[in-house]
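When the letters of the sequence shown are read in order and numbered with the working numbering, they come out as residues 267 to 970. Glycine residues also receive a C-beta, built at the ideal position from the N, C-alpha and C atoms. Since the structure comes first, as structure tokens, the remarks are kept for the end.
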Amino acid sequence: MRSKTKHPCRENNMNEKTILQFERIFPGIWRARVCANTDTGGMGTSLTAFYKHEPRTEKLDSLPEAGFPFDGAPGGEAFCQSDGDAGTVICLPLRLSERLYGLGLNYQRLCVNYAARQLRCDHYGGQDNGRTHIPAPFYVSDRGYAVLIDTPEPVSFYMGSSVRRDAVNPPPEIHRFREKGWSAVTPAEYVEASFAAGGCDVYVFAASKDSKSPMRDAAARYNLWSGGGFIPPKWGLGMWQRVSGYADGEDVRAEAAAFEEHDMPLSVIGLEPGWQTAAYPSSLDWDEKHFPDHKSLMAELASKGIRLNLWENFFISEKSTLYDPVSPYCGSHKVWNGIVPDLGSPEAVEILSRHHKKLAAEGVSGFKVDECDGFDGWLWPDHASFPSGLRGITMRAIYGAVLQRMQDDAFRSLGRRTYGLVRASNAGAAHLPYVIYNDCYSFPQFLTGTASAAFCGALWVPEVRDASTPREWARRFALSALSPILMLNAWASGAKPWKFPEIEDTIRSILRFRQSIAPALYNAFRGWYEEGIPPFRPLCMDWAGGASEKGGELDDTENPYSLGELLDVTDEYLIGRDLLAAPVAPDSDTRRIILPPGEWYDFFTMERVENSFTREFALDEIPLYVRGGAVVPTLGEDGALVLRCCGREGEGIIYDDDGESFGYERGEYSLIKVIFADGRADYTVESHGYEPGYGDLRFVFSRD
267 MRSKTKHPCR ENNMNEKTIL QFERIFPGIW RARVCANTDT GGMGTSLTAF YKHEPRTEKL
327 DSLPEAGFPF DGAPGGEAFC QSDGDAGTVI CLPLRLSERL YGLGLNYQRL CVNYAARQLR
387 CDHYGGQDNG RTHIPAPFYV SDRGYAVLID TPEPVSFYMG SSVRRDAVNP PPEIHRFREK
447 GWSAVTPAEY VEASFAAGGC DVYVFAASKD SKSPMRDAAA RYNLWSGGGF IPPKWGLGMW
507 QRVSGYADGE DVRAEAAAFE EHDMPLSVIG LEPGWQTAAY PSSLDWDEKH FPDHKSLMAE
567 LASKGIRLNL WENFFISEKS TLYDPVSPYC GSHKVWNGIV PDLGSPEAVE ILSRHHKKLA
627 AEGVSGFKVD ECDGFDGWLW PDHASFPSGL RGITMRAIYG AVLQRMQDDA FRSLGRRTYG
687 LVRASNAGAA HLPYVIYNDC YSFPQFLTGT ASAAFCGALW VPEVRDASTP REWARRFALS
747 ALSPILMLNA WASGAKPWKF PEIEDTIRSI LRFRQSIAPA LYNAFRGWYE EGIPPFRPLC
807 MDWAGGASEK GGELDDTENP YSLGELLDVT DEYLIGRDLL AAPVAPDSDT RRIILPPGEW
867 YDFFTMERVE NSFTREFALD EIPLYVRGGA VVPTLGEDGA LVLRCCGREG EGIIYDDDGE
927 SFGYERGEYS LIKVIFADGR ADYTVESHGY EPGYGDLRFV FSRD
């Protein structure tokens, strides 16, 4: 008979049902402390504390107040229960009409009502089952609020499908074979979240009562609490090409020359494991045999406007110069015979940071952090121990995010922005300049992931790798061109953008299109940093919770589709405030377009379009639409700033900064404020320590 361990919550008399006491910490943000953050023997009680987010205090304090979303809930107040066997259980009120979104990065669906998810940092295995690259214990309701369970422990969520015996309003019992309406799931009045040990902080984020996009605005407060989003360096929005893992310095020079020969833009070359003296496990040291002049190589590339990104994993080889210094601060288990640094140890993080600062100072622009998500068969086990006292399962939850913070700090110490790739992250990491990637190559799941990442405060990259037909090649490039990073990852295939000569001109036009919309993407990121609005997000985030005053009824003019259809769209997404992308699948030239309420215009023709239609798209056509009343900044081939004004009248603010430093965080930027009506526009320029970096200014007006 096993002995019962005394649960720390028992000291706070929480073995019985205890009402959560929420305190207001910012307008529209409340926190309840479960177990008063009792120390749990090195396991910790806060997930986000490991990577030191700093809430945007001034911005949060300026937001309008909001009503506490659980007030008046039919099931009663939020509460928790704990005991030594079951761990901690958090119960949060839920109205039966609510739609819920989130619970990590998903690739197949957005709404998670009635889902049971056991969140765990892991490689995506083809199912939205809680094993995910971003196991964020966070969800958003279409009633305009969001919830974060801030614990590094794996959390199990039951999204309104587990009915308690003490329910205030239990659902009626229905005879399956005698009455209509029987279902295998029974709607419950609580979301229940449980984890094995320790306390946590429960945060609630709410939009103001007059918000027109309550889901988006609740998520925005969460992102601002997380430190706000980031603005990437301008070079990060160009074309990325990852070369073969066998490439050496001369291969890199040849790659850059080939892009120039084919007249295709290139901003970043990514090196795979072969740049190191050892890989699997890694040394994180330059291989002087294959890259004898890596400093001059990076200087050459920089003179052509090309940066270098390096692949890494953090299982350290005995051949590494890091091995001896970091060895005392590593865990009990190896991965691929490499020691695993303890990222709960300040000493280990500092050793890694110094090494990466040196690499950055030599000219490296950023990193691709691989293998930090896990497959159970090769990662350290859950019971692994680390000198800091963290368990293996906790280390798994924080590993990707702490590595992001470490590398970002190294670049910040040099006054330079970075932009990188990573396989794992977690809640509260919106401030870190990284994009998630994985081994999946499903086009529909790439689309859904691009939208779903917004519910994690994160970004997802639908990279291009290879294709069997010219049509697939073009469609994959078009999707990537409308994503956080346009990247061809040719580490295995060796493919080039001109793989199919018959459509080389089409690919070139897609790459140049990406160049042209860089100012619009940059402004979308500014909205993420300044307002917390995800730059890439699903339609439901802006239109749920009052998308139509008719509540989903069909109407010939105002609502020519059902609200439910709009909320469940997974193959379209919003970019910034004003753009809507609807990429075409590789196996088709036809697709249906669903546009939200209001006026919308074709980005390319500047003609007004219907709210719902089906049409064919040629390979060089990219379905991209502009909200009426918007001003979209684009870059002309001559370097001019071309402002696309859609609708009879409207206004916009165009943001710019130096694109490299952190001056924007100190208030160094410029704004172009535009007002237009009936084919005429006026503008003013505000310089805040920085003059706009664009050339001439031109306007293009829509045709109604």
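Does the beta-carbon distance from residue i to residue j come in below 8 Å?
i: S586; j: D553; result: no
i: D608; j: A690; result: no
i: F633; j: V601; result: no
i: P359; j: F336; result: yes
i: Y776; j: A747; result: The sequence shown places Ile at residue 776, rather than the Tyr named in the question. Cβ atoms of I776 and A747: closer than 8 Å.
i: G410; j: M481; result: yes
i: D529; j: S619; result: no
i: V378; j: A484; result: no
i: A544; j: Y488; result: no
i: C561; j: E628; result: Cys is not the amino acid found at residue 561; the sequence shown has Lys there. In this structure, E628 lies closer than 8 Å to K561 by Cβ.
i: A626; j: F677; result: yes
i: I751; j: W506; result: yes
i: D944; j: R914; result: yes
i: R573; j: E538; result: no
i: N575; j: S631; result: yes
i: P340; j: V451; result: no
i: C346; j: L414; result: no
In this structure, how does DSSP classify residue i when only helix, strand and coil are distinguished?
i: S562; result: helix
i: T304; result: Confidence is the limiting factor: at T304 the pLDDT is only 44, short of 50, which leaves the residue's position unreliable and the question unanswerable from this model.
i: C911; result: strand
i: S734; result: coil
i: N877; result: coil
i: D771; result: helix
i: I572; result: coil
i: A740; result: helix
i: D674; result: helix
i: E1040; result: Residue 1040 lies beyond the residue range present for the chain, which begins at 267 and ends at 970; the question has no answer from this structure.
i: Y921; result: strand
i: C706; result: coil
i: T716; result: helix
i: K623; result: helix
i: G916; result: strand
i: W809; result: helix
i: F928; result: coil
i: W501; result: helix
i: W491; result: helix
Taking the beta carbon of residue i as the centre, do at least 16 other beta carbons fall within 10 Å, making it buried, or is it exposed?
i: D467; result: buried
i: A595; result: A quick correction: the sequence has Tyr, not Ala, at residue 595. Flag for Y595 reads buried.
i: Y512; result: exposed
i: N755; result: buried
i: S708; result: exposed
i: K327; result: The amino acid at residue 327 is misidentified as Lys; the sequence shows Asp. So D327 ends up on the exposed side.
i: R964; result: exposed
i: E455; result: buried
i: A302; result: Only weak support is given to the placement of A302: the predicted model assigns it a pLDDT of 44, under 50, and the value that follows is read from those uncertain coordinates. Under this definition A302 is an exposed residue.
i: D808; result: buried
i: I440; result: exposed
i: D837; result: buried
i: A520; result: exposed
i: I920; result: buried
i: W644; result: exposed
i: D408; result: buried
i: W448; result: exposed
i: H319; result: buried
i: K500; result: buried
i: P547; result: buried
i: V592; result: buried
Could you check if residue i belongs to the surroundings of the ligand SAM, using beta carbon to heavy atom distance under 7 Å?
i: Y488; result: As presented, the structure is devoid of all ligands, the ligand SAM included, so that no description of it is given.
Would you please verify whether the beta carbon of residue i is less than 8 Å from any beta carbon of chain C?
i: H649; result: Protein chain content of the structure displayed is limited to a single chain, and chain C is not contained in it.
Complete runs of the beta strand (DSSP E) confined to the stretch 363 to 446 [at least 3 residues]: As far as the stretch 363 to 446 is concerned, its whole beta strand (DSSP E) runs of at least 3 residues are 366 to 368, 382 to 384, 404 to 407, 411 to 416 and 422 to 425.
4 or more residues per run - each alpha helix (DSSP H) lying fully within the stretch 507 to 561: Scanning the stretch 507 to 561 from its first residue to its last, the whole alpha helix (DSSP H) runs of 4-plus residues come out as 515 to 527.
contact_flag[the stretch 457 to 471, the stretch 699 to 708] where n(CB pairs < 8 Å) is 3 or more: A contact between stretches requires three or more CB pairs, one per stretch, nearer than 8 Å, and the stretch 457 to 471 fails this requirement with the stretch 699 to 708.
Whole beta strand (DSSP E) elements within the stretch 581 to 619, 3-residue minimum: The stretch 581 to 619 contains these whole beta strand (DSSP E) runs: 596 to 601 and 604 to 607.
Continuous alpha helix (DSSP H) assignments of at least 4 residues falling wholly in the stretch 749 to 794: Listed in chain order, they are 770 to 782.
At least three beta-carbon pairs within less than 8 Å, the stretch 771 to 791 to the stretch 891 to 910: Cβ pair count under 8 Å is three or more, so yes.
Within the stretch 837 to 874, ranges of the alpha helix (DSSP H) (whole runs, at least 4 residues): Annotation note: the stretch 837 to 874 contains no uninterrupted alpha helix (DSSP H) run of length 4 or greater.
Complete runs of the beta strand (DSSP E) confined to the stretch 462 to 489 [at least 3 residues]: DSSP runs (the beta strand (DSSP E)) wholly in the stretch 462 to 489: 466 to 472.
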